[in-house]
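J.: Can you read through this structure? Questions will come right after.
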Amino acid sequence: EHEENIKDEL
Amino acid sequence: MNIFRLAGDMTHLASVLVLLLKIHTIKSCAGVSLKTQELYAIVFATRYLDIFTSFYSIYNTLMKLVFLGSSFSIVLYMKYHKTVHRSYDREQDTFRHWFLVLPCLLLALLIHEKFTFLEVLWTFSLYLEAVAILPQLVLLQRTRNIDNLTGQYVFLLGGYRGLYILNWIYRYFTEPHFVHWITWISGLVQTLLYADFFFYYSQSWKNNKKLQLPA
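In order, the protein sequence lines correspond to chains S and G.
Mapping of the first sequence onto our numbering: residues 1 to 10, in sequence order.
Mapping of the second sequence onto our numbering: residues 1 to 215, in sequence order.
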C-alpha cells in the first residue's frame, strides 16, 4: 500500500 | 494534499502557461529549447499512463490532462506552426537530448520500486524530468542573455521543484511509511540543476540589468 501514496503526486 | 504541493503544482502550471501564452501571443519561440519541450512531453506521457487505470481525484486527473495537453501543444507549435517554427533557434539548440533518454531508461530498468511496465516507465519519467531542463540551460548559456519570459519559465520550473521538496519533507513528517528515495534523489538532482541559474537570475534582478549568463 505504501508505495502507492507517491503516485497521487503529479 | 498540502500547501507546498498545491503551490508547487500551481507554479508548475504557471510555467507551462507562461510559455504557451508567450508562443501563442507573440508567435515566437526565440530562446526556447525544443529539445527540452520534447523531453517534457515524454516525461508527462510516461508518467501519466495511469490516467486511465487509477483515479485519485478530479484535481489530479484534470492537472494531468492540462500538463499533457500543454506540453504537446508547445512541441507541435514549435515544430509545425508556420510562423512560430521560423523563430526556433535550430543552430543553437543542439543538445543531443536523445543521449539523455537511453541512460534514463536503462537506469529505470535497474533501479525502481516494482518491476512492472507502468512502474518502470513512471520511474523513467522521474529520471528524465531531472535532466530535461539541460538543453534549455545550455541554450540560455549559448544565447548569453534571455528574454524575460523564458527566464520566468525556468524560474517558475525551479520554484515548482523547490516547493515539491518542501512537500516531501512535510509528507515525511506527517505520513507514516512515506519514504521514496528514488523520487527524492531525482527531484533533488533536478532542483540542484536550477541552483546556478537561480543565482544568475537573482543577480540580474538585484542589479536590475539584463540577465547575462557566463559563457
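Where is the CB? At the ideal position from N, CA and C, for every residue including glycine.
Is the number of C-beta pairs between the stretch 121-138 of chain G and the stretch 23-39 of chain G that are closer than 8 angstroms three or more?
T.: Because the criterion of three Cβ pairs below 8 angstroms is met, the stretch 121-138 of chain G and the stretch 23-39 of chain G touch.
J.: Buried or exposed for Met78(G), going by 16 or more other Cβ atoms inside 10 Å?
T.: Met78(G) is buried by the Cβ-count criterion.
J.: How is Gln136(G) classed by DSSP in three states: helix, strand or coil?
T.: Gln136(G): helix per DSSP, three-state reduction.
J.: Consult DSSP for Gln92(G) and reduce its assignment to one of helix, strand or coil.
T.: In the structure shown, Gln92(G) sits in coil (DSSP, three-state: anything other than H, G, I, E or B).
J.: Does the Cβ of Ser73(G) lie closer than 7 angstroms to at least one heavy atom of the ligand COA?
T.: The ligand content of the structure shown is nil, which means the ligand COA is not present either.
J.: Among residues of its own chain, excluding the 5 on either side of Phe178(G), which ones have a beta-carbon nearer than 6 angstroms to its beta-carbon?
T.: Once the five neighbours on either side are set aside, the close Cβ partners of Phe178(G) are Arg171 and Tyr172.
J.: Would you report the Cα separation of Asp50(G) and Asp93(G), rounded to the nearest angstrom?
T.: Cα to Cα, the separation comes out at about 32 angstroms.
J.: So, is the C-beta of Asp196(G) closer than 8 angstroms to a C-beta in chain S?
T.: Cβ-Cβ to chain S under 8 angstroms: no for Asp196(G).
J.: Going by the beta-carbon positions, is the gap between Val84(G) and Leu13(G) smaller than 8 angstroms?
T.: Contact flag unset, no.
J.: Take Arg47(G) as the anchor and find which of Asn148(G), Ile111(G) and Val120(G) has the nearest alpha-carbon.
T.: Closest by alpha carbon: Val120(G).
J.: What does the Cβ neighbour count give for Thr25(G), buried or exposed, with the cut at 16 atoms within 10 Å?
T.: The residue is exposed, with fewer than 16 neighbouring Cβ atoms inside 10 Å.
J.: For Ser54(G), count neighbouring C-beta atoms within 10 Å of its own C-beta (all shown protein chains included) and say buried if the count is 16 or more, exposed if not.
T.: Its Cβ having fewer than 16 others within 10 Å, Ser54(G) is exposed.
J.: At the 8 angstroms Cβ level, is Phe67(G) part of the contact set with chain S, yes or no?
T.: Closer than 8 angstroms to some Cβ of chain S, the Cβ of Phe67(G) qualifies, so yes.
J.: Against chain S, with Cβ distances strictly below 8 angstroms, would Asn60(G) count as a contact?
T.: Closer than 8 angstroms: yes.
J.: Can you name the residues of chain S whose CB is closer than 7 angstroms to the CB of Phe178(G)?
T.: Near Phe178(G) (Cβ distances below 7 angstroms), the residues of chain S are Asn5.
J.: Looking at C-alpha atoms only, which residue of His81(G), Leu76(G) and Gly69(G) is the closest neighbour of Lys27(G)?
T.: The shortest C-alpha separation from Lys27(G) is found at His81(G).
J.: Where does Leu19(G) land, buried or exposed, given buried means 16+ other C-beta within 10 angstroms?
T.: Burial call: buried.
J.: Can you have a look at Ile169(G) and say buried or exposed, based on whether 16 or more other CB atoms are within 10 angstroms of its CB?
T.: So Ile169(G) ends up on the exposed side.
J.: Is Val75(G) closer than 8 angstroms to Leu139(G) when the C-beta atoms are compared?
T.: Taking 8 angstroms as the Cβ cut-off, Leu139(G) and Val75(G) do not qualify as a contacting pair.
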